[in-house]
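Below is one structure, written out as structure tokens; comments come after it.
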Amino acid sequence: MTMRRHGETPELAATLVDLAPLADYSFMDTLNCDPEGKANGADHEPRQVFSGHYVPVKPTPIEHPEYVAHSKDLFRELGFDDSLAQSDDFVRMFSGDLSELPEPLRKVGWASGYALSIYGNEFYRNCPFQTGNGYGDGRAISVLEAVTNGQRWEIQLKGGGRTPYCRGGDGRAVLRSSVREFLAQEHMHALGVPTSRSLSLYVSKTETVRRPWYSEGTRSIDPDILVSEPVAISTRVAPSFIRVGQLELFGRRARKQEHPQAMKELEKLVMHLIDREYGKEIDQSLPTPDKVVRLAGEFRSRLTLLVANWIRVGYCQGNFNSDNCAAGGFTLDYGPFGFCNEFDPHYQPWTGGGQHFAFLNQPAAAERNFYSFCVAMRPLLENNPESLRQLEEIQSEFPKFMQAQMQLMWAAKLGLDRFDADLFSELTRLMAETPVDYTLFFRELSLLPGNIEPLKKSFYPSQAYRAHSEKLNERWSTWLAKWHSLIPVDNREQLSSQMKQVNPKYSLKDWYVVPAYQQAAAGDYTLLRELQSVMTQPYAEQSEDIEQKYYRLKPLELFDVGGWSHYSCSS
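Mapping of the sequence shown onto my numbering: position 234 corresponds to residue 1179, and the numbering continues sequentially without gaps.
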């Protein structure tokens, strides 16, 4: 980029030549490459990876890529000009073609392995080799680390083709799931929930793959047809993509002494994580055991706050295994996720997820992931009993910290100075029995209604409500009166404003997204871009037209419809 005088605003990167000087590949340069990896990245067949932190992989470009969308907010943060998203060299790179990059950009990316734990239970049998050495980034390939404005970012393609971890899959992502992830990352960032970020989205104009999916209007739990869908590559960005499952893989190898470098590889990865994600919180001069204990405490704080934020905005991860839990404490891997419509403690968008990953069970799932994290750290502390004791204490106190974050969150949603257990218990009973739309209810409550009539905008016309409306209305009125007695009587306008910054007006419901990706598959991105605009301003009062379209109850005929309400997969 052209140099500017001190005090002037630097020019925005408008070409890859401008972007190239920002490159700094710390993961590849400081960690261990798989000894069996190929320097040219021609490594696309499933195989066991026994050691090393990454495998060099060259992405497989999608055919005839077309621009769909990019994140204007993230481009601004990175110092990229918006025109870059549609420039030929940028489109080539971020649709998987690294063959013509200017130096020091590299023509090979990298994929990483991880272990699998489900609800804290170690798994091996799902691995095609029955060893656990086949789990990892099957279709996610990092292609760049860049340092801009003092912040390091890792940039990763999702859907960039096969890697050694693909377990027989084709390594592709379809436009449908790519649109969902692109919009969800944009929305979650705007909601103030820690998350990986969306950079860009490109679709192939000619390449398709066949996927199981739902026929129109079906209420089948599992997909009932095979459909050809356009392939796409979405690019996501984060300070790092190190997962709890990644730490587990190296922790298991160290625990079992699977190779001579196993302990050293675990320590190198943990120190790298601290440098990338916790450099401001953890003193680099501390000895390793102290760093590990500090890391556990900091990660616990981030993870408990993250899950409380998920529940604040009505988000359910769906598949919250340890490999989908970012060690940096942010939302990662938008697979079979969903945002609540009606309040349901047992809401679970993924049909294969089980109740242990349901909406209000996410704090318990987080605790199990934190347990897996602590197990992975233990080999580094085996010669330091005091540090091991501190780690065990941090782990044992997770439920207390999680409960405290949840109570702070619920109090904030209700505009209270402190959590009131009785008020909250009756509220959740009423919300479930009526039932209410989660987003609409709390937004209407933020207007501090004097009676329950405005709240009825959030009531679904269920059979239960119609049968017991008089009794339920009476209970709602009693609850509302008690709530009014607990909120501050002075400066109601300020309280309402505060609550509206906690309770979003707009939430990315799947029944909004389905028409957007259906139209996008036909080459029309108008609705997708409208959703992007609306959902990046989730707390704002927008136009009357937008309010009529996106601030309303889910149509009853869309409940329990496959693809609109639930998913068996997320490819």
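Note that the Cβ used here is the ideal one computed from N, Cα and C, for glycine as well. On a predicted model such as this, the values are computed, not experimentally measured, just so you know.
Backbone CA spacing between residue i and residue j [nearest angstrom]
i, j, result
"residue 1333", "residue 1239", "12 Å"
"residue 1241", "residue 1336", "7 Å"
"residue 1320", "residue 1373", "35 Å"
"residue 1306", "residue 1292", "9 Å"
"residue 999", "residue 1436", "56 Å"
"residue 1412", "residue 1369", "24 Å"
"residue 1331", "residue 1481", "47 Å"
"residue 1359", "residue 1147", "41 Å"
"residue 1038", "residue 1250", "35 Å"
"residue 1105", "residue 1056", "11 Å"
"residue 962", "residue 1019", "19 Å"
"residue 959", "residue 1054", "22 Å"
"residue 956", "residue 1023", "12 Å"
"residue 1456", "residue 1348", "32 Å"
"residue 1496", "residue 1479", "11 Å"
"residue 1287", "residue 1445", "19 Å"
"residue 1506", "residue 1382", "18 Å"
"residue 1387", "residue 1448", "6 Å"
"residue 1493", "residue 1274", "35 Å"
"residue 953", "residue 1094", "Any reading at residue 953 must be qualified, since the residue scores a pLDDT of 43, below 50, and its modelled position is unreliable; the value itself is stated next. Near 14 Å, if we compare the C-alpha coordinates of residue 1094 and residue 953."
"residue 1414", "residue 1285", "23 Å"
Per DSSP, cross-strand counterpart(s) of residue i
i, result
"residue 1103", "1085, 1179"
"residue 1174", "1154"
"residue 1054", "1002"
"residue 1011", "1148"
"residue 1090", "1099"
"residue 1063", "1066"
"residue 1143", "1181"
"residue 1512", "1295"
"residue 1118", "1177"
"residue 1025", "958"
Buried or exposed by the 16-neighbour rule on C-beta atoms within 10 Å, applied to residue i
i, result
"residue 1074", "exposed"
"residue 948", "Here the model assigns residue 948 a pLDDT of 34, short of 50, so the residue's position is not dependable, and the following value carries that caveat. Residue 948 is exposed by the Cβ-count criterion."
"residue 1431", "exposed"
"residue 1278", "buried"
"residue 1070", "exposed"
"residue 951", "Low per-residue confidence applies at residue 951: pLDDT is 39, beneath 50, and the placement is therefore not dependable enough to give any value."
"residue 1134", "buried"
"residue 1088", "buried"
"residue 1433", "exposed"
"residue 1185", "buried"
"residue 1454", "buried"
"residue 1312", "buried"
Cut-off 7 Å between Cβ atoms - residues of its own chain near residue i, not counting five sequence neighbours on either side
i, result
"residue 1392", "1399, 1441"
"residue 1016", "1131, 1142, 1143, 1144"
"residue 1504", "1510"
"residue 1112", "991, 1073, 1079, 1083"
"residue 1315", "1245, 1248, 1340, 1343"
"residue 895", "The chain is shown from 946 up to 1516; residue 895 falls before or after that span and cannot be answered."
"residue 993", "1074, 1076, 1078, 1079"
"residue 1474", "1014"
"residue 1219", "1227, 1236, 1240"
"residue 1011", "1147, 1148, 1150"
"residue 1119", "1154, 1156, 1174, 1175, 1176, 1177, 1516"
"residue 1459", "1508, 1509"
"residue 1409", "1378"
"residue 1477", "1014, 1128, 1131"
"residue 1465", "1013, 1120, 1124, 1473"
"residue 942", "The question about residue 942 has no answer, for the chain in this structure spans 946 to 1516."
"residue 1006", "1040, 1041, 1042"
Spatial neighbours of residue i in its chain, beta-carbon cut-off 8 Å, leaving aside the 5 residues before and after
i, result
"residue 1216", "1233, 1236"
"residue 1324", "1196, 1199, 1200, 1208, 1211"
"residue 902", "The structure shown does not extend to residue 902, since the chain is modelled only from 946 through 1516, so no value can be given for it."
"residue 1422", "1396, 1397"
"residue 1364", "1352, 1353, 1355, 1356"
Neighbourhood of residue i by C-beta, 6 Å cutoff - its chain only, sequence neighbours within 5 removed
i, result
"residue 1050", "965, 968"
"residue 1182", "1098, 1100, 1142, 1144"
"residue 1519", "Past the boundaries of the shown model lies residue 1519; the chain is included only from 946 to 1516, so the question cannot be answered."
"residue 1166", "1296"
"residue 996", "1204"
"residue 1126", "1179, 1279"
"residue 1282", "1262, 1263"
"residue 1253", "1350, 1351, 1354"
Cβ-heavy atom distance, residue i to the ligand ATP, below 7 Å
i, result
"residue 1347", "In the structure on display, the ligand ATP does not appear, and there are no ligands present to speak of."
Please specify which runs of the alpha helix (DSSP H), each continuous and at least 4 residues long, are wholly inside the region 1235–1314, giving them in chain order. Fully enclosed alpha helix (DSSP H) runs of 4 or longer: not present.
Of all the alpha helix (DSSP H) runs that stay within the bounds of the region 946–998, which reach a length of 4 or more residues? Runs found: 961–964, 971–975.
Counting only runs of 4+ residues fully inside the region 1330–1412, write out the alpha helix (DSSP H) ranges in chain order. Counting only runs of 4 or more residues that sit fully inside the region 1330–1412, the alpha helix (DSSP H) segments are 1330–1341, 1343–1358, 1366–1378, 1383–1390, in chain order.
What are the uninterrupted segments assigned as alpha helix (DSSP H) that are 4 or more residues long and contained completely in the region 1412–1469, given in chain order? Secondary structure remark: continuous alpha helix (DSSP H) runs of at least 4 residues inside the region 1412–1469, in chain order: 1437–1445, 1455–1466.
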